[in-house]
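Shown next, in structure tokens, is the structure this report addresses.
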Amino acid sequence: MITEVLQNVTEVHGIISAAAITDTANSLIDTVTETLVKSAIGVVVGFLIYKVIKSRFAISAMIGAALAAGVFLWLVLGGYNTIKDGLKSQVDDAASSVIQVTDTAHTWEL
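Residues 1 to 110 (the UniProt record's numbering) make up the sequence shown, in order.
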């Protein structure tokens with residue numbers, strides 16, 4: 001009886017520490033993700049300022065740099081996942097379609 005209680009206490013303690021490790025890892029991942037997004041925004045702002053100054057405020061260069069920066073930020077903020085999920089759902093839909101084959105009796109009359 002005491003052995004079973006001690007075993008159960010040990011198992012519960014193991015689950016709690018595993019949950020704590022998972023929570024800590026998730027919080028670190030969230031922190032790193034936020035830091036990377038903020039860094040990406042800083043890189044984009046620096047890129048835009050650099051291109052505007054280097055091109056001597058040319059409108060075409062500003063528009064091109066803004067489009068490139070927008071695509072980059074979209075990819076960083078989840079655009080890649082949007083494309084991946086869309087393609088995955090299309091593949092899943094195509095794989096789940098039902099094809100019905102009917103066999104008809106053929107005669108080989110000449």
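Yeah, the Cβ is synthetic: ideal placement off N, Cα and C, and Gly gets one too.
Item	Value
Nearest-angstrom Cα separation, counted from V37 out to L48	17 Å
Segment contact, 8 Å Cβ cut-off, at least three pairs: the stretch 79-92 with the stretch 50-58	no
Spatially closest choice to V45 from A69, E109, T33, by CA coordinates	A69
Distance between M62 and A20 (C-alpha atoms, nearest Å)	48 Å
A40 beta carbon less than 8 Å from that of V76	yes
For F57, the first and last residue of its enclosing alpha helix (DSSP H)	Note, F57: premise wrong, no alpha helix (DSSP H); not H, not E.
Nearest-angstrom Cβ-Cβ length linking A65 and K88, presumed shorter than 8 Å	That belief does not hold up - the Cβ atoms of A65 and K88 are roughly 32 Å apart, past 8 Å.
Secondary structure of A69, DSSP reduced to three states	helix
Where T35 sits in the DSSP three-state scheme	helix
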